[in-house]
Structure formats: structure tokens, C-alpha cells
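One structure is given here, and the rest of the page talks about it.
In my numbering, the protein residues as written are 161 to 272.
Here's what the structure looks like:
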């Protein structure tokens with residue numbers, strides 16, 4: 161469903177291992193309306209919520225709000241550490257277009 165690059169896995173393992181709260185051991189991913197392209201990715205290190213879809217990749221747990229499963233299907237998450245732009249980046253095959261900052265997108269299909 162979602163692919164994590166080795167770079168993203170290594171970064172998330174480091175972040176999760178430094179957490180002071182052992183219950184917050186999951187990257188939760190969801191979408192909200194907003195941003196320059198209409199929909200914004202949201203991410204937080206936390207506990208999964210009831211009804212979330214849980215994916216494990218390279219010892220990293222990701223929980224996805226099941227409401228957005230179709231919009232996130234086939235996404236790839238990468239971590240970049242450049243001077244001008246570092247962080248987790250999502251590549252979404254379901255996006256008709258994405259904004260320049262990479263945090264928002266317009267879905268190819270209006271159905272979710």
C-alpha cells in the first residue's frame with residue numbers, strides 16, 4: 161500500500177527510538193483539506209487511532225486514516241536531508257498535481 165525508502169526507514173527509526181513515550185511508536189498519516197493544491201498531507205508520531213490501517217515496513221509502523229486509503233494507495237515516502245529542504249516527502253501516484261512545497265496535492269479523482 162505505502163512504500164518507505166531506506167532513507168525514510170532509517171530516519172523514522174531514529175526519531176521513534178528517541179521518543180520519551182513508548183506508546184507513541186507509529187507514524188500516523190492522514191489528509192485534510194487545504195494547501196495550495198486542495199489536500200494537505202498530515203503526519204505525526206503518535207499512537208494509531210481506532211479504525212486506522214496499520215502497515216509495517218522495515219521495523220517502522222505507519223497508521224493510515226482508513227478514510228483516505230484510496231488517496232494514499234501506492235504512495236512512496238522518502239527522507240531527504242538537503243541544505244535547503246529536509247524532511248519526509250510523499251510521492252503520490254493518485255495526485256493530478258502537487259504544489260511546489262510538496263505538502264499538498266490535487267487528487268486525480270474527486271472520489272475518496
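Built from N, CA and C at the ideal position, the CB exists for glycine as well.
Using a Cβ-Cβ distance cut-off of 8 Å, the region 240-253 and the region 174-186 are not in contact, since fewer than three pairs of beta carbons, one from each stretch, lie closer than that value.
Under the DSSP definition of a beta bridge, residue 267 partners with 255. If you keep only unbroken beta strand (DSSP E) runs of at least 3 residues inside the region 176-234, you get 186-193, 199-206, 213-217, 220-224. Around residue 193, the same chain offers 199, 200 as residues with beta carbons nearer than 8 Å, after the five sequence neighbours per side are excluded.
In the three-state reduction of the DSSP assignment, residue 236 falls in the strand class, which pools E and B.
Looking at the backbone, the Cα of residue 218 and that of residue 195 are separated by about 31 Å. Measuring C-alpha to C-alpha distances from residue 174 to each of 239, 255, 251, 267 identifies 239 as the nearest.
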